[in-house]
Amino acid sequence: MDAPTPAPARHAPDARLAGPWRAASAAAGLLRDGEPTPTVFEETTARALRHDAVNLGQGFPDADGPAALLSLAADVVLAGPHQYAPGSGRADLREAVAADRARRHGVHEDPATQVLATTGATEAIAAVVLALVSPGDEVVTVEPFYDSHAATIALAGARHVTVPVHAPDFLPDPAVVAAALTDRTRLLILNTPHNPSGAVYPRALLEEIVAACAARGVLLLSDEVYEHLVYDGEHVTLRSVAGAEDIALTTSSAGKSFAVTGWKVGWLTGPADLVAAVRGVKQFLTYSSGPAYQQAVAAFLPDAEPHLAEQRERYRTSRDALVAGLRGVGLDPVVPAAGYFTVVDLAPWGVADAAQAARDWPREAGVAGIPVSALCRPDGGHLRSWLRLAFCKSPAEIDRAVERLGAHADRLRAR
1 MDAPTPAPAR HAPDARLAGP WRAASAAAGL LRDGEPTPTV FEETTARALR
51 HDAVNLGQGF PDADGPAALL SLAADVVLAG PHQYAPGSGR ADLREAVAAD
101 RARRHGVHED PATQVLATTG ATEAIAAVVL ALVSPGDEVV TVEPFYDSHA
151 ATIALAGARH VTVPVHAPDF LPDPAVVAAA LTDRTRLLIL NTPHNPSGAV
201 YPRALLEEIV AACAARGVLL LSDEVYEHLV YDGEHVTLRS VAGAEDIALT
251 TSSAGKSFAV TGWKVGWLTG PADLVAAVRG VKQFLTYSSG PAYQQAVAAF
301 LPDAEPHLAE QRERYRTSRD ALVAGLRGVG LDPVVPAAGY FTVVDLAPWG
351 VADAAQAARD WPREAGVAGI PVSALCRPDG GHLRSWLRLA FCKSPAEIDR
401 AVERLGAHAD RLRAR
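Take 1 as the starting number for the sequence shown in full-length UniProt numbering and just add one per residue.
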């Protein structure tokens, strides 16, 4: 009798799902009981929609970008072409970015070798970490941090070291940054203007940090996606700091600057050899994307300042209205110098866990926000009672949110 045919091998679920995704999800706080969960941003927006809440959680404007930019994009889409852009990005975009940086910051980048177009700044960050960081290396960031920083560090098999920042200014102490650097530190990721606090790093602070990194042979990456949305003070790009020329990369984005977050047009600038190394990884992530959007942004950048000034004034008005509204209900929010967000401590309302408040508020208060602890390491409890609220919304939405928060405060006091 013939031997029975063996049944096909069945993999145990754990073996079938093995891989670095788990480390990346855990680093970003996206594992619950061992299962992947949506990001806090997805969950918050879903709750806001479910309960018709004002969504001050996810960082996207409720109005699209400048009409002139949208018109340029429409013309390009109709005219074409619609095939792959070069892996480094369209030449006109790289040239426009280089010219913009020279005009604003006095930093001269060779568009052919020192500028790389990316699918948003998030891809630029991932490509830098995956290209330049090896398993076992250490990567230092401030805390709180953009969630993709933690995820990509984990994907690279590196160790994430954080430097906590605190209210009221949320600026890192350069001595603490220097102390966090070791012989295993490969990369320091900065974020200025800072998400979520809106802190803008002054030149003197950046000079001390660059000097500490240069002494240790540590590379730097500065996430500067809010560079054009500074309301108080002045943005200093890291690559304008003395000593940063050979060790620093910067990334920025048209999405945040021009309220077209869905376009995913970003760029990276830096020393030619580091940019080439990053391009070697980036080309195997997306190769290229959005040639029509790249072309529209390239045409818009030289004349963008009047539109940016108008947008800054609009956001400044919304910022001031939200801050005043929060003060009116007994809270003391940080007045952000830049960006889309303010952060506020809910402890005066008796709230110790802002994550629970973020889950409850869409239903109870009709307003959605993001707990700052979602942008911290799991053991980072120093901002547990803090909430992030976006003000890149219309005056009507801000007024509606403030009115609802006032009613919620009255209900809390009546309990």
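Glycine included, every Cβ here is placed at the ideal spot set by N, Cα and C.
Excluding sequence positions up to five away, which residues of its chain have a Cβ less than 6 Å from the Cβ of A121? Along the sequence shown, read from residue 1 onward, the residue named residue 121 stands at position 121. Cβ neighbours of A121 beyond the five flanking positions: V225, T251, S253, G266.
Sort L387, A46, G65 by Cα distance to A259 and report the nearest one. Locating residue 259 in the sequence shown gives position 259, counting from the first residue. For A259, the closest C-alpha among the options L387, A46, G65 is that of G65.
Identify, in the order they occur along the chain, each residue of the same chain with its Cβ nearer than 8 Å to the Cβ of E181, setting aside the five sequence neighbours on each side. Along the sequence shown, one-based indexing puts residue 181 at 181. Reading off the sequence shown, one finds Leu at residue 181, where the question assumed Glu. In chain order, V140, L188, A212, C213, R216, V218 place their CB closer than 8 Å to the CB of L181, counting only its own chain and leaving out the 5 sequence neighbours on each side.
Through-space distance from L56 to A374, alpha-carbon basis: Taking the sequence shown and counting its residues from 1, one reaches residue 374 at position 374. Taking the sequence shown and counting its residues from 1, one reaches residue 56 at position 56. One C-alpha to the other measures close to 15 Å.
Please state if the CB of R186 and the CB of E245 are separated by a distance shorter than 8 Å. Indexing the sequence shown from 1 puts residue 245 at position 245. Indexing the sequence shown from 1 puts residue 186 at position 186. Contact flag unset, no.
Just to confirm my understanding: we take F60, look at its own chain, exclude 5 residues before and 5 after, and list those with CB closer than 6 Å. What are they? Along the sequence shown, read from residue 1 onward, the residue named residue 60 stands at position 60. Counting only Cβ-Cβ distances below 6 Å, and skipping sequence neighbours, we find T261.
Keeping to the same chain, check which residues put their C-beta closer than 6 Å to that of P395; ignore five residues upstream and five downstream. Indexing the sequence shown from 1 puts residue 395 at position 395. Correct list: empty, nothing qualifies.
Cβ separation of L130 and V281, assumed to be a contact under 8 Å, to the nearest whole Å: Position 130 of the sequence shown, counting from 1, holds the residue named residue 130. Position 281 of the sequence shown, counting from 1, holds the residue named residue 281. Contact holds; Cβ gap of about 5 Å.
According to the Cβ coordinates, are D62 and K393 closer than 8 Å? Walking along the sequence shown from the start, residue 62 turns up at place 62. Walking along the sequence shown from the start, residue 393 turns up at place 393. In this structure, K393 lies closer than 8 Å to D62 by Cβ.
Which of the three DSSP states is assigned to A401 in this structure? Stepping through the sequence shown from its first residue, residue 401 is reached at position 401. Three-state result, A401: helix.
Can you tell me the Cα-Cα spacing of residue 418 and G255, whole angstroms? This structure does not reach residue 418, given that the chain is present from 1 up to 415, and the question cannot be answered.
State the Cα-Cα distance for the pair V142 and L116, rounded to the nearest angstrom. As a position in the sequence shown, residue 142 is number 142, starting the count at 1. As a position in the sequence shown, residue 116 is number 116, starting the count at 1. Going by the C-alpha atoms only, they are around 25 Å apart.
Are there 16 or more other CB atoms within 10 angstroms of the CB of D183, so buried, or fewer, so exposed? Taking the sequence shown and counting its residues from 1, one reaches residue 183 at position 183. By the 10 Å Cβ count, D183 comes out exposed.
Going by C-alpha to C-alpha distance, which of A15, F391, L268, V367 sits closest to A409? By 1-based counting over the sequence shown, the position of residue 409 is 409. Checking every option, the nearest Cα to that of A409 belongs to V367.
Between which two residues does the beta strand (DSSP E) containing W267 stretch? Locating residue 267 in the sequence shown gives position 267, counting from the first residue. Annotation: the continuous beta strand (DSSP E) that includes W267 extends over 266-269.
When DSSP labels each residue in this structure, what does E109 get in the three-state scheme? In the sequence shown, residue 109 corresponds to position 109, counting from 1. E109: coil per DSSP, three-state reduction.
C-beta atoms of V334 and G198 nearer than 8 Å: Along the sequence shown, one-based indexing puts residue 334 at 334. Along the sequence shown, one-based indexing puts residue 198 at 198. Yes, these two residues count as a Cβ contact at 8 Å.
Ignore the nearest five residues each way along the sequence and tell me which others in L72's own chain have a CB closer than 7 Å to its CB. Counted from its first residue, the sequence shown places residue 72 at position 72. Same-chain partners within the cutoff: A296, A299, F300.
Do Y146 and Q191 come within 8 Å of each other at the CB atom, strictly closer than that value? Your numbering for residue 191 matches position 191 in the sequence shown. Your numbering for residue 146 matches position 146 in the sequence shown. It is Asn, not Gln, that sits at residue 191 in the sequence shown. Against a cut-off of 8 Å, the Cβ pair of Y146 and N191 comes out as a contact.
For T162, write down the residues that DSSP places opposite it in a beta bridge. Here residue 162 refers to the residue found at position 162 when the sequence shown is read from its first residue. Partner(s): T141.
Measure the CB-CB distance between L220 and A248 and report whether it falls below 8 Å. For the purposes of this step, residue 220 is taken as the residue at position 220 of the sequence shown. For the purposes of this step, residue 248 is taken as the residue at position 248 of the sequence shown. For L220 and A248, yes; Cβs fall inside 8 Å.
Measure the C-alpha to C-alpha separation of L49 and P371 and round it to an integer number of angstroms. The residue you call residue 49 lines up with position 49 of the sequence shown. The residue you call residue 371 lines up with position 371 of the sequence shown. Distance between the alpha carbons of L49 and P371 is about 18 Å.
If you draw a straight line from the C-alpha of E397 to the C-alpha of T113, how long is it? Here residue 397 refers to the residue found at position 397 of the sequence shown. Here residue 113 refers to the residue found at position 113 of the sequence shown. Distance between the alpha carbons of E397 and T113 is about 44 Å.
Which first and last residues belong to the alpha helix (DSSP H) in which L274 is found? Position 274 of the sequence shown holds residue 274. Element bounds for L274: 272-282.
Whole runs of the alpha helix (DSSP H) within the stretch 297-345, excluding any shorter than 4 residues: 305-328
Do you know offhand how far L132's Cα is from A277's? As a working mapping, residue 132 is identified with position 132 in the sequence shown. As a working mapping, residue 277 is identified with position 277 in the sequence shown. If I take the Cα positions, the gap works out to 8 Å.
Could you name the residues that DSSP lists as bridge partners for D223? In the sequence shown, counting from the first residue as 1, residue 223 sits at position 223. D223 has N191, T251 as its beta-bridge partners, per DSSP.
Just the Cα atoms here: how many angstroms apart are T237 and S289? Counted from its first residue, the sequence shown places residue 237 at position 237. Counted from its first residue, the sequence shown places residue 289 at position 289. C-alpha of T237 to C-alpha of S289: approximately 26 Å in a straight line.
CA nearest to the CA of D360, picked from Y84, A127, L405, A390: As a working note, residue 360 is residue 360 in the sequence shown. Residue L405 is the option with its Cα nearest to D360.
Let me know the secondary structure DSSP gives R415 once reduced to three states. To locate residue 415, count along the sequence shown from 1; it is residue 415. In the structure shown, R415 sits in coil (DSSP, three-state: anything other than H, G, I, E or B).
Could you check the C-alpha separation between A338 and H194 for me, to the nearest Å? Stepping through the sequence shown from its first residue, residue 338 is reached at position 338. Stepping through the sequence shown from its first residue, residue 194 is reached at position 194. Taking the straight line from one Cα to the other gives about 8 Å.
Rounded to whole angstroms, what is the Cα-Cα separation between V344 and Q356? Numbered from 1 along the sequence shown, position 344 holds the residue referred to as residue 344. Numbered from 1 along the sequence shown, position 356 holds the residue referred to as residue 356. Cα-Cα distance, rounded: 15 Å.
Does the beta-carbon distance from D353 to R388 come in below 8 Å? Position 353 of the sequence shown holds residue 353. Position 388 of the sequence shown holds residue 388. Against a cut-off of 8 Å, the Cβ pair of R388 and D353 comes out as no contact.
Alpha carbon of S222 to alpha carbon of V40, nearest angstrom: Counting from one through the sequence shown, the residue named residue 222 turns up at place 222. Counting from one through the sequence shown, the residue named residue 40 turns up at place 40. Taking the straight line joining both Cα atoms gives about 24 Å.
Can you tell which of I153, L268, L326 has the C-alpha that lies nearest to the C-alpha of V161? The sequence position of residue 161 within the sequence shown is 161, counting from 1. I153 is the residue among I153, L268, L326 whose C-alpha sits nearest the C-alpha of V161.
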